[in-house]
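Remarks on the structure that follows.
Numbering (my numbering), first residue to last: 32 to 459.
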């Protein structure tokens with residue numbers, strides 16, 4: 032009688048581990064052992080595992096990962112306000128089925144070693160319940176009147192690829208991402224906004240399409256993550272008194288802003304460093320429509336695993352500097368500043384803390400009605416991306432121009448190598 036697919040996966044992983052340990056043993060001890068005799072023992076050891084693998088199943092079978100489709104991260108009561116277009120799909124069973132079919136069709140074209148993405152959902156009575164979903168966090172729409180007969184539109188969508196264990200009701204790994212769609216229409220309407228997001232969600236001819244983004248990032252998902260416990264997340268987002276004053280000046284909601292900053296930085300870390308990043312939770316759980324897709328449960332609350340490493344972000348503030356001005360043109364720089372602190376939760380140790388600022392320089396007509404708050408937020412997005420890039424590829428010019436550090440560039444570069452070795456490499 033053949034054993035199940037879980038046995039196959041387990042033996043496969045143990046086989047890889049046995050091979051790895053055998054080779055590591057040899058290279059570490061090759062000067063103290065007789066190569067011939069030791070390698071005979073090693074060969075015999077992994078041949079036993081090969082035989083066990085063959086006895087487990089007559090032919091090779093990939094590990095199934097169930098596909099849960101589109102969902103939303105956060106309180107279901109907030110979904111319509113935070114992500115109205117996603118909500119319109121998720122709350123309509125026919126539209127949701129159509130969208131998930133489109134997603135699944137694209138997923139099937141992605142070659143994944145030893146993994147098979149299958150339609151349907153994990154069942155608590157089965158031995159296999161590793162499940163993946165495309166989860167939306169927020170849809171952000173900006174439209175500014177340029178004063179020249181058109182609007183400057185930017186539609187940003189924050190999302191996560193979520194891998195979770197259906198049996199244990201636990202999140203295993205998350206890959207955050209951001210897509211941005213820009214346009215310059217002559218007028219704005221509710222129908223225009225719907226068409227923008229229809230493009231974002233459905234039009235696969237566009238690079239910013241969510242299906243394209245999901246498919247492109249599938250290769251970054253570590254499907255062996257259940258056997259690994261290392262995780263990182265943005266733990267806190269703090270504001271200095273100066274930043275709080277600016278937030279109040281522009282009438283912004285600090286509770287909304289801290290979530291957005293955390294999501295932006297998490298996505299930037301994942302993109303630039305190639306690591307999974309747990310969502311900034313603030314007590315949120317994955318639920319809503321995704322929970323209702325499971326036939327054998329009424330609601331699903333997924334537990335987030337503990338983070339071994341943390342990122343604390345401190346918003347230092349915003350400022351505007353006029354670089355040049357003429358009778359018709361103005362060139363302002365919208366500047367955002369932030370401190371990034373990274374630490375080890377288990378040892379309660381701060382291992383990295385640096386601050387930087389970045390300004391977006393724009394050449395604008397004086398007729399343009401600029402939404403300064405949007406420009407400051409855009410500068411903060413750029414700063415998050417640039418800062419995370421410095422963690423993997425430090426640039427001396429950027430360091431001198433934008434970072435306020437007591438370290439020399441040489442010491443800063445060394446600290447990024449230590450972060451890679453001690454933290455980031457463990458997360459992949």
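All residues carry an ideal CB built from backbone N, CA and C; glycine is no exception. Since we're looking at a predicted model, the values are computed, not measured.
Which residues bound the beta strand (DSSP E) around residue 392?
380-392 is the extent of the beta strand (DSSP E) around residue 392.
With respect to the beta strand (DSSP E) encompassing residue 269, which residues constitute its N-terminal and C-terminal limits?
It spans 263-270 - the beta strand (DSSP E) in which residue 269 sits, taken as one unbroken run.
What is the DSSP secondary structure of residue 422, reduced to helix, strand or coil?
Helix at residue 422.
Does DSSP put residue 140 in a helix, in a strand, or in coil?
Looking at residue 140 - three-state DSSP - the assignment turns out to be coil, as it is neither helix nor strand.
At the level of alpha carbons, what is the spacing between residue 240 and residue 451?
Those two C-alpha atoms are separated by around 31 Å.
Among 198, 405, 456, 439, which residue has its Cα nearest to the Cα of residue 423?
Selected option, being the one with the closest Cα: 456.
Comparing C-alpha positions only, which one of 133, 216, 150 sits nearest to residue 464?
This structure does not reach residue 464, given that the chain is present from 32 up to 459, and the question cannot be answered.
Quick one: residues in its chain with C-beta nearer than 7 Å to the C-beta of residue 381, no 5 flanking neighbours on either side, listed in chain order?
The residues are 372, 374.
Alpha carbon to alpha carbon, what distance is there between residue 139 and residue 283?
Going from the Cα of residue 283 to the Cα of residue 139 covers about 43 Å.
Compute the distance between the beta-carbons of residue 171 and residue 402, then report whether it is under 9 Å.
Against a cut-off of 9 Å, the Cβ pair of residue 402 and residue 171 comes out as no contact.
Under the three-state reduction of DSSP, which class applies to residue 101: helix, strand or coil?
Here residue 101 sits in strand by DSSP.
Beta-carbon within less than 7 Å of residue 265's beta-carbon, same chain only, minus the 5 sequence neighbours each way: which residues are those?
Excluding positions up to five away in sequence, the list reads 293, 296, 297, 311, 342, 344.
What does DSSP give as the partner residue(s) for residue 188 in the beta ladder?
Looking at the DSSP assignment, residue 188 forms a beta bridge with 170, 210.
Based on Cα-Cα distance, which residue from 419, 360, 277, 376 lies nearest to residue 405?
Here the closest residue by C-alpha is 277.
How do the segment 387-399 and the segment 353-370 stand: do at least 3 beta-carbon pairs fall below 8 Å, yes or no?
With the cut-off at 8 Å, the segment 387-399 and the segment 353-370 touch.
Going along the chain, which residues of its own chain have a beta-carbon closer than 8 Å to the beta-carbon of residue 355, five neighbours each way excluded?
Excluding positions up to five away in sequence, the list reads 361, 362.
Cα-Cα, which of 182, 185, 187, 193 is closest to residue 334?
Answer by Cα proximity: 193.
In the DSSP assignment, find the beta strand (DSSP E) that holds residue 361 and state where it starts and stops.
First-last of the beta strand (DSSP E) with residue 361: 360-375.
What's the C-alpha gap between residue 353 and residue 225?
Near 36 Å, if we compare the C-alpha coordinates of residue 225 and residue 353.
Are at least three pairs of beta-carbons, each pair with one atom in the segment 139-149 and one in the segment 237-254, less than 8 Å apart?
With a cut-off of 8 Å, the segment 237-254 and the segment 139-149 count as touching, because enough Cβ pairs lie within range.
Can the beta-carbon of residue 162 be found closer than 9 Å to that of residue 396?
No, the pair does not count as a contact, with Cβ atoms beyond the cut-off.
Could you tell me the distance, in whole angstroms, from the CA atom of residue 400 to the CA atom of residue 211?
Approximately 22 Å between the Cα atoms of the pair.
For a test of the three-state rule: what should DSSP assign to residue 202, helix, strand or coil?
Here residue 202 sits in strand by DSSP.
Can you tell me which of the three DSSP states residue 397 falls into?
Looking at residue 397 - three-state DSSP - the assignment turns out to be coil, as it is neither helix nor strand.
Contact check, residue 349 vs residue 407 under 8 Å by CB: the rounded distance?
4 Å between Cβ atoms; contact.
Quick one, are the C-beta atoms of residue 339 and residue 260 less than 9 Å apart?
Result yes, Cβ atoms of residue 339 and residue 260 sit closer than 9 Å.
Under a Cβ-count criterion, where at least 16 other Cβ atoms within 10 Å of its own Cβ denotes burial, should residue 218 be classed as buried or exposed?
Exposed, by the Cβ-count rule.
Sort 306, 220, 136, 199 by Cα distance to residue 246 and report the nearest one.
Looking at the Cα atoms, 136 is the closest of the given residues.
Please look up how many angstroms separate the CB atoms of residue 168 and residue 104, rounded, as I've assumed it's under 8 Å.
Contact flag correct, Cβ pair sits at about 5 Å.
Going by DSSP, what residue range makes up the alpha helix (DSSP H) through residue 237?
Careful: residue 237 lies outside any alpha helix (DSSP H) and carries neither H nor E.
Measure how close the beta-carbons of residue 182 and residue 216 come, nearest whole angstrom, since I'm counting them as under 8 Å.
Correct: roughly 6 Å between the Cβ atoms.
Pick helix, strand or coil for residue 65, following the three-state DSSP scheme.
Because the pLDDT of residue 65 is 42, which lies under 50, any placement of that residue in the model is unreliable, and the number read from its coordinates should be weighed accordingly. If DSSP states are grouped into helix, strand and coil, residue 65 belongs with coil.
Under three-state DSSP, which class holds residue 164?
Residue 164: strand per DSSP, three-state reduction.
One question on the structure: do residue 208 and residue 164 come within less than 9 Å of each other, judged by their Cβ atoms?
No, these two residues do not count as a Cβ contact at 9 Å.
Around the Cβ of residue 291, are there at least 16 other Cβ atoms within 10 angstroms (buried) or fewer (exposed)?
The residue in question, residue 291, is buried, as its Cβ has 16 or more Cβ neighbours within 10 Å.
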